[in-house]
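Here's the structure we're looking at; comments come further down.
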Amino acid sequence: MFKPIRKAVFPVGGLGTRFLPATKAMPKEMLPVVDKPLIEYAVDEAKAAGIEEFIFVTGRGKAAIEDHFDLSLELEAQMLDKGKNREAVISHSAFKPGQVAFTRQQQALGLGHAVWCARNLVGNEPFAVLLADDLIKSHVPCLAQMSNHYQNVGGNIIAVEEVSPEHTDRYGIIEPGNWDRNLVEVEGIIEKPSPEVAPSNIAVIGRYILLPEVFDFLDSQTVGIGGEIQLTDSLSSMVGTFPFHGFRFDGQRFDCGDKVGFQEANIAFSLDRSDMKEPMRELIGKYSSERNA
Ligand code: G1P
């Protein structure tokens, strides 16, 4: 039996330049899929995995995230006046006082640096990292699937999926060892390798369960590919010393850091909604037949 995963880190300091101008004054994590911001999907996933403490690593221009997870007494009062169901309208107000912490990454120096900024809040226990850009639709939330496996194997566990071989330079890529059903031993990991040097096409997706020892490696602040302090580089230093598995999750991942992936997520999630399914199907039919005409 390993320690339960109680804390989750949400790195939300990134600039979101791919979605400009939408993200000029609004954090990219607040972009909505249907009617819920991306970050709230990640928080809900963490809650479903039993996470008790939520640590946001923010940056300049990210105040909307903090406000979003605060109570909005005025909005709630208005909703109640109008006879609306408070829970349905303001689902995110469910944090208890003291359950949320915000810390700042003063400079956007990379994902490894963002996670390192949370070291004092995480302390000496295993923890989860969730990247809101990777939205995962599944019956059992992805992080819950991972923490179930963590109870058997311990160590670092990272979500993985196969990607097109020509896209290895967009992801952390693992060198896979033996598979045991959906768990694979990680024998190496490298950040954004070109297809010619990639050890496989098995990519890291933005869900991690990490041992606190990762902070010892992040402490070195080594700059990696793209001039950024990469989480992958510290994870690479842990291979062979700590238990380390990739986990092929059940579910579909949408790359919401990409415009097409983001639109696909909106289509998929709206088709899942009983109030939107039919009109969405009609619209999709309309636009596909217009295109074919
Ligand atoms: C980050 C990680 C990368 C991982 C990816 C998943 O990259 O550095 O290893 O594969 O998230 O989304 P980013 O997308 O921030 O460039």
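Convert by adding 2 to the 1-based position in the sequence shown; the result is the number in the numbering used here. Note that CB positions come from ideal geometry on N, CA and C, so glycine has one too. This one's a predicted model, so the numbers in the text were calculated from it and none came from an experiment.
What are the boundary residues of the beta strand (DSSP E) that residue i is part of?
i	result
LEU137	136 to 139
PHE246	246 to 250
ARG106	102 to 106
GLU68	Per DSSP, GLU68 belongs to no beta strand (DSSP E); it is in the alpha helix (DSSP H), 65 to 70.
GLY179	174 to 182
ASN158	158 to 164
GLU168	It is not in any beta strand (DSSP E) - GLU168 carries neither H nor E in the DSSP assignment.
ALA130	129 to 132
Note the first and the last residue of the continuous alpha helix (DSSP H) segment covering residue i.
i	result
ASN150	144 to 155
TYR43	40 to 50
LEU77	75 to 83
ALA10	Where ALA10 is concerned, there is no enclosing alpha helix (DSSP H), although the beta strand (DSSP E) it sits in stretches over 9 to 13.
VAL59	Note, VAL59: premise wrong, no alpha helix (DSSP H); beta strand (DSSP E) at 55 to 60.
ALA116	113 to 118
Using CA atoms only, rank isn't needed, just tell me which of the options is closest to residue i.
i	options	result
ARG121	PRO13, THR243, ASP257 and PRO201	PRO13
SER166	SER202, ASP182, ASP136 and ILE138	SER202
ARG275	GLY15, ALA10, SER290 and VAL35	VAL35
GLN253	ARG183, PHE219 and ALA161	Checking the displayed sequence, the identity of residue 253 turns out to be Gly instead of Gln. The shortest Cα separation from GLY253 among ARG183, PHE219 and ALA161 belongs to ALA161.
LEU220	GLY63, GLN232 and TYR210	GLN232
LYS9	SER239, GLY263, PRO178 and LEU212	LEU212
ALA27	THR105, ASP182, PHE129 and ALA66	ALA66
SER149	LYS38, PRO39, ASN268 and GLU47	GLU47
GLU187	ASP235, VAL241 and ASP136	VAL241
SER222	LYS49, ARG106, MET81 and GLY114	GLY114
Ligand 1 heavy atoms versus the CB of residue i: any closer than 7 Å?
i	result
GLU189	no
ASP46	no
GLY179	no
ALA130	no
HIS207	What sits at residue 207 in the sequence shown is Ile, not His. Yes, the Cβ of ILE207 comes within 7 Å of a heavy atom of ligand 1.
ASP289	The sequence as given places Tyr at residue 289; Asp does not occur at that position. No, Cβ of TYR289 sits at least 7 Å from all heavy atoms of ligand 1.
VAL163	Before going further, note that residue 163 is Glu rather than Val in the sequence given. Answer for GLU163: no, Cβ out of range of ligand 1.
GLU193	yes
ASP83	no
GLY174	yes
LEU123	no
THR105	no
ASP302	The shown model of the chain, from 3 to 295, leaves out residue 302, and the question about it has no answer.
LEU77	no
Measure the Cβ-Cβ separation of residue i and residue j and say whether it is below 8 Å.
i	j	result
GLN101	GLU54	yes
LYS194	ARG172	yes
GLU177	GLU163	no
VAL11	ILE41	no
PRO143	ILE7	no
LEU17	ALA79	no
ALA24	LEU33	yes
PHE244	TRP118	no
GLY263	ASP257	yes
ARG255	ILE138	yes
LYS5	PRO29	no
SER196	THR170	yes
Flag residue i as yes if its beta-carbon sits less than 8 Å from any beta-carbon of chain D, otherwise no.
i	result
LEU77	Structure shown: chain D not included; a single protein chain is present.
Just list the beta strand (DSSP E) runs in the region 189 to 275, keeping only unbroken ones of 3 residues or longer that don't cross its boundaries, in chain order.
-> Within the region 189 to 275, the complete beta strand (DSSP E) segments of 3 residues or longer fall at 204 to 212, 246 to 250 and 254 to 257, listed in chain order.
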